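Chains as they are written, first to last, in the working numbering: chain A, 1 to 112; chain B, 113 to 236.
This report refers to the structure that appears directly beneath it.
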């Protein structure tokens, strides 16, 4: 069981917007602005899409945006494109004494 | 460009040890800390531990404490993750992941570059 809760799958048609949620607790998502999002295609290196809740690395499309409210962070992909298909993971720093980072179970994004 | 290239797949017997490497290029190796994360089949990602740029300070998830060792060879620009007393449930893809900082245990808390992953299979 993952520490952060994500929907298993989200789908949308090209051009639409989708939002992936990531729910944690006050010890991780709610307690810090250290949520990041990664796109992963199996067999390849994961790619950083959003860091520190809302920041987008250079080279990442402006169609990707992040936000947070209380213990839930969200990743929104607007103007959905076929190349956006893949698995998306959220992660957060945690104040747990046993580990530093927690991850979500991942959300499979499908472009219809 | 930044690249993290990991060693190839491994098959190990229960009780054995494995050492996975992660060779860095495209940046000043001594300026960045590194983490290791794994993903078991059908499971989410799982943080294992990290090492600072100084090759001295490490920090491990309590789950792997005593079995995992992370080291780095500055001359080879390579970080290593060793895992001992392997169990069937250690079958997973292991990733190295860089943080944009010298110190892994302070902010920023995100991974800006990842390796391609190394499959470790534990099988008798």
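Each residue gets a CB set at the ideal place from its N, CA and C atoms; glycine is no exception.
Owing to the predicted nature of the structure, the values given are computational and were not obtained by experimental measurement.
| Asked | Found |
| --- | --- |
| Suppose the cutoff is 6 Å on Cβ atoms and the five residues either side in sequence are ignored; what does the same chain contact list for residue 200/B look like? | 234 |
| Between the region 96-112 of chain A and chain B, which residues of the former have a C-beta closer than 8 Å to a C-beta of the latter? | 97, 98, 99, 100, 101, 102, 103, 104, 105 and 106 |
| Which stretch, first to last residue, makes up the beta strand (DSSP E) that contains residue 147/B? | 146-151 |
| By how many angstroms is the C-alpha of residue 166/B removed from the C-alpha of residue 55/A? | 28 Å |
| By DSSP's criteria, residue 108/B is part of a beta bridge. Which residues make up the other side? | Because residue 108/B is not part of the residues shown, which for chain B are 113 to 236, the question remains open. |
| Is it buried or exposed for residue 140/B, if we count other Cβ within 10 angstroms and need 16 for buried? | exposed |
| Tell whether a beta-carbon distance below 8 Å holds between residue 107/A and residue 7/A. | yes |
| If I measure Cβ to Cβ from residue 53/A and keep anything under 6 Å in the same chain, skipping five residues before and after, which residues do I get? | 33, 35, 66 and 68 |
| Assuming residue 207/B is part of the beta strand (DSSP E), what are its boundary residues? | 204-210 |
| Below 8 Å between beta carbons is the criterion; list the residues of the region 217-233 of chain B that meet it against any residue of chain A, in chain order. | 217, 219, 220, 221, 222, 223, 224, 225, 226, 227, 228 and 229 |
| State buried or exposed for residue 218/B, treating a residue as buried only when at least 16 other CB atoms are found within 10 Å of its CB. | exposed |
| Determine the chain B residues that contact residue 48/A at a beta-carbon separation under 9 Å, and present them in chain order. | 222, 223, 224, 225 and 226 |
| Using only alpha-carbon positions, find the residue among 203/B, 220/B, 195/B and 118/B that is nearest to residue 172/B. | 195/B |
| Looking at the unbroken beta strand (DSSP E) that takes in residue 123/B, where does it start and where does it end? | 122-124 |
| What residue range is occupied by the uninterrupted beta strand (DSSP E) comprising residue 87/A? | 86-93 |
| Report the rounded CA-to-CA distance for residue 83/A versus residue 103/A, giving the unit in angstroms. | 23 Å |
| I'd like to know whether the C-beta atoms of residue 183/B and residue 192/B end up nearer to each other than 8 Å. | yes |
| Taking the straight line between their C-alpha atoms, what separation do you get for residue 87/A and residue 78/A? | 16 Å |
| Exposed or buried, what is residue 123/B when buried is set at 16 or more other beta-carbons lying within 10 Å of its beta-carbon? | exposed |
| Does any CB atom of chain A fall closer than 8 Å to the CB of residue 171/B? | yes |
| From residue 185/B to residue 15/A, what distance separates their C-alpha atoms? | 47 Å |
| Going along chain A in order, which residues have a C-beta closer than 8 Å to the C-beta of residue 156/B? | 2, 89, 103, 104, 105 and 106 |
| Would you list, in chain order, the members of the region 47-70 of chain A that have their beta-carbon closer than 8 Å to a beta-carbon of chain B? | 47, 48, 51, 52 and 57 |
| Can you give me the C-alpha to C-alpha distance between residue 152/B and residue 17/A, rounded to a whole angstrom? | 31 Å |
| Listing by chain order, which chain B residues have their CB less than 7 Å from the CB of residue 8/A? | Neighbours of residue 8/A on chain B: none; closest Cβ ~11 Å, over 7 Å. |
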